Amino acid sequence: KAGVTQTPRYLIKTRGQQVTLSCSPISGHRSVSWYQQTPGQGLQFLFEYFSETQRNKGNFPGRFSGRQFSNSRSEMNVSTLELGDSALYLCASSLQGFGGANVLTFGAGSRLTVL
Amino acid sequence: DQQVKQNSPSLSVQEGRISILNCDYTNSMFDYFLWYKKYPAEGPTFLISISSIKDKNEDGRFTVFLNKSAKHLSLHIVPSQPGDSAVYFCAARSTGTASKLTFGTGTRLQVTL
């Protein structure tokens with residue numbers, strides 16, 4: 002069973018640019034969530050999509066957005082990049098959510114560097 | 057406001073000994089707690105979880121203890137092995153928030169020979 006696939010794995014952008022990251026969940030998983038990992042901050046929740054609808058949202062500015070397609074693949078977009086956006090962006094998928102442990106399976110992440 | 061705290065950024069333990077990783081939380085609405093392990097250049101992988109209605113859950117060498125009154129949980133690894141060297145994240149979830157996990161900042165465990 003293929004895992005969660007994130008592309009690209011590494012990318013470098015400059016301030017003011019925008020970036021789009023992609024995530025393909027495990028087959029059959031309908032929930033996709035995104036997390037930002039920075040040193041000293043742990044993983045911070047960005048948003049979650051389920052059946053093409055945003056179901057939960059974290060405390061990030063509107064520059065961070067996402068969407069989910071009918072095949073459950075998801076993209077996140079960051080516009081007007083700032084130096085502080087440099088981070089590892091992790092995507093996770095799960096079957097559907099509520100109840101029980103709802104274990105998330107993470108991808109390897111996309112490491113974004115903003116210069 | 058850090059609702060899930062891992063106050064020890066690093067821990068070094070000898071092979072064969074017990075590793076104890078600690079986590080404190082402040083939100084009384086958390087009803088499920090999970091531990092994830094992360095190796096460099098990989099995403100976090102699920103290790104073990106515990107519901108708030110339990111105080112202990114065991115899976116092989118890994119045991120998680122939950123003390124609700126103290127809002128504290130701990131992960132015990134016995135015996136520790138070199139392959140356990142990784143960053144361990146504690147995470148918590150509130151009822152009805154599905155995939156929204158609140159993570160701690162992680163503890164780097166080094167198991168020495």
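Line order of the protein sequences matches chains A and Y.
Converting from the first sequence to this note's numbering requires adding 1 to each position, the first position being numbered 1.
Converting from the second sequence to this note's numbering requires adding 56 to each position, the first position being numbered 1.
Note that beta-carbon positions come from the ideal geometry of N, C-alpha and C, so glycine has one too.
Model, not experiment: these values are computed from the prediction.
Which value, in whole angstroms, describes the spacing of the CA atoms of residue i and residue j?
i                      : j                      : result
residue 128 of chain Y : residue 84 of chain Y  : 11 angstroms
residue 88 of chain Y  : residue 94 of chain A  : 18 angstroms
residue 17 of chain A  : residue 81 of chain Y  : 37 angstroms
residue 81 of chain A  : residue 67 of chain A  : 15 angstroms
residue 131 of chain Y : residue 27 of chain A  : 28 angstroms
residue 92 of chain A  : residue 73 of chain A  : 12 angstroms
residue 149 of chain Y : residue 158 of chain Y : 6 angstroms
residue 58 of chain A  : residue 107 of chain Y : 23 angstroms
residue 52 of chain A  : residue 71 of chain A  : 7 angstroms
residue 110 of chain Y : residue 122 of chain Y : 7 angstroms
residue 31 of chain A  : residue 105 of chain Y : 21 angstroms
residue 29 of chain A  : residue 107 of chain A : 15 angstroms
residue 88 of chain A  : residue 13 of chain A  : 11 angstroms
residue 75 of chain A  : residue 40 of chain A  : 25 angstroms
residue 38 of chain A  : residue 44 of chain A  : 4 angstroms
residue 73 of chain Y  : residue 134 of chain Y : 7 angstroms
residue 6 of chain A   : residue 160 of chain Y : 24 angstroms
residue 63 of chain Y  : residue 92 of chain Y  : 16 angstroms
residue 34 of chain A  : residue 104 of chain A : 12 angstroms
residue 125 of chain Y : residue 8 of chain A   : 43 angstroms
residue 94 of chain Y  : residue 165 of chain Y : 10 angstroms
residue 84 of chain A  : residue 25 of chain A  : 27 angstroms
residue 29 of chain Y  : residue 167 of chain Y : No answer is possible for residue 29 of chain Y: it lies beyond the span of chain Y, which begins at 57 and ends at 169.
Would you identify the three-state DSSP class for residue i, choosing helix, strand or coil?
i                      : result
residue 84 of chain A  : helix
residue 139 of chain Y : helix
residue 37 of chain A  : strand
residue 50 of chain A  : strand
residue 111 of chain Y : coil
residue 95 of chain Y  : coil
residue 55 of chain A  : strand
residue 109 of chain A : coil
residue 148 of chain Y : strand
residue 93 of chain A  : strand
residue 126 of chain A : Look at the range of chain A in this structure, 2 to 116, and you will see that residue 126 of chain A is not part of it.
residue 60 of chain Y  : strand
residue 31 of chain A  : coil
residue 45 of chain A  : strand
residue 66 of chain A  : strand
residue 90 of chain Y  : strand
residue 79 of chain A  : strand
residue 159 of chain Y : strand
residue 104 of chain A : coil
Would you mind reading off the limits of the beta strand (DSSP E) that contains residue i?
i                      : result
residue 164 of chain Y : 163 to 168
residue 11 of chain A  : 11 to 14
residue 103 of chain Y : 101 to 107
residue 132 of chain Y : 128 to 133
residue 72 of chain A  : Neither: residue 72 of chain A is in no beta strand (DSSP E) and is coded neither H nor E.
residue 122 of chain Y : 118 to 123
residue 76 of chain Y  : 75 to 81
residue 159 of chain A : Residue 159 of chain A lies beyond the stretch modelled for chain A, which goes from 2 to 116, so this question has no answer here.
residue 68 of chain Y  : 66 to 70
residue 7 of chain A   : 6 to 8
Closer than 8 angstroms, Cβ to Cβ, to anything on chain Y: give me those residues from the stretch 54 to 80 of chain A, in chain order.
56, 57 and 59
Proximal residues, the stretch 23 to 43 of chain A versus chain Y, C-beta separation under 7 angstroms:
32, 34, 41, 42 and 43
Check each residue of the stretch 12 to 23 of chain A: if its Cβ is closer than 8 angstroms to any Cβ of chain Y, include it; give the result in chain order.
Cβ contacts with chain Y come from no residue of the stretch 12 to 23 of chain A.
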